[in-house]
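**Q** Provided herewith is a single structure, encoded as structure tokens, for subsequent inquiry.
There are 2 protein chains.
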Amino acid sequence: MHQKLEDTIKARRKALRLSQEDLASLSGVALRTLKALEVGEGNPSLRTLRKIAEVLGMEIRLEVKRLDT
Amino acid sequence: MHQKLEDTIKARRKALRLSQEDLASLSGVALRTLKALEVGEGNPSLRTLRKIAEVLGMEIRLEVKRLDT
DNA sequence: TATATAAGTGCACTATAATGCACTTTATCT
DNA sequence: AGATAAAGTGCATTATAGTGCACTTATATA
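Chains as they are written, first to last, in the numbering used here: chain A, 1 to 69; chain B, 101 to 169.
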């Protein structure tokens, strides 16, 4: 079973001890946008997602679905 | 080294022997949108990406970046 | 080589993501 | 408890993704 994407972001951000404000400014994504994203609102664009992922040292991958992992 | 997301989609679609038209109608994403996406134009939303991934039996994952794979 | 089928392009319109601002609520400190 | 920082919400505006339509270009097939 997987974590939701927004939870992954939130968890990773906290693991790196960044505030939403930190992550917003480091990634160049507006704070309002990041906040919405983390509470599961909205429908972020790939570009927005990538900006955030980049700062978190993560990447977005499209993979064949597998049971579990 | 990774394939671009749009190339992954295109390759997977072809592997499943679907035309863009097939994939568009199966996924509920407009043909024009899919076409743009596959040539690397645009900046799809997560929802759009997911609709397509679903039909392709794929999923979008956010993972810690690793060298290669 | 015709002819059909699939893929790609330009453009205008509509829907909605991204943003800023002001504010409230919830944690985290002395 | 009071102060401070972090997280969450509502709303209006701007930027842009998603779409349909008409058309062109490329690829496959008879």
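No residue lacks a Cβ here, since even glycine has one placed at the ideal position from N, Cα and C. Everything numeric in this text was worked out from a predicted model, so none of it was measured.
Is A:SER19 helix, strand or coil by DSSP?
**A** coil
**Q** Of the choices B:ARG161, B:ARG150 and B:ARG132, whose alpha-carbon is the least far from that of B:GLY142?
**A** B:ARG132
**Q** Below 7 Å between beta carbons: does that hold for A:GLU38 and A:GLU6?
**A** With contacts defined as CB atoms closer than 7 Å, A:GLU38 and A:GLU6 qualify as a contacting pair.
**Q** Assuming the contact rule is C-beta atoms closer than 8 Å, A:LYS51 and A:SER27 should be a hit. Round their C-beta distance to whole Å, please.
**A** Contact between A:LYS51 and A:SER27 holds: CB atoms are separated by about 4 Å, below the 8 Å threshold.
**Q** Measure from the C-beta of A:SER45 to each C-beta in chain B and report whether the shortest distance is under 7 Å.
**A** yes
**Q** What do you reckon, is the C-beta of B:VAL155 under 6 Å from a heavy atom of the ligand GDP?
**A** Absent from the structure shown: the ligand GDP. Ligands present: none.
**Q** Name the one or two DSSP bridge partners that B:SER145 has.
**A** A:SER45
**Q** I need the boundaries of the alpha helix (DSSP H) containing A:ARG32, first residue and last residue.
**A** 31-38
**Q** Helix, strand or coil: how does DSSP classify B:ARG112 here?
**A** Helix at B:ARG112.
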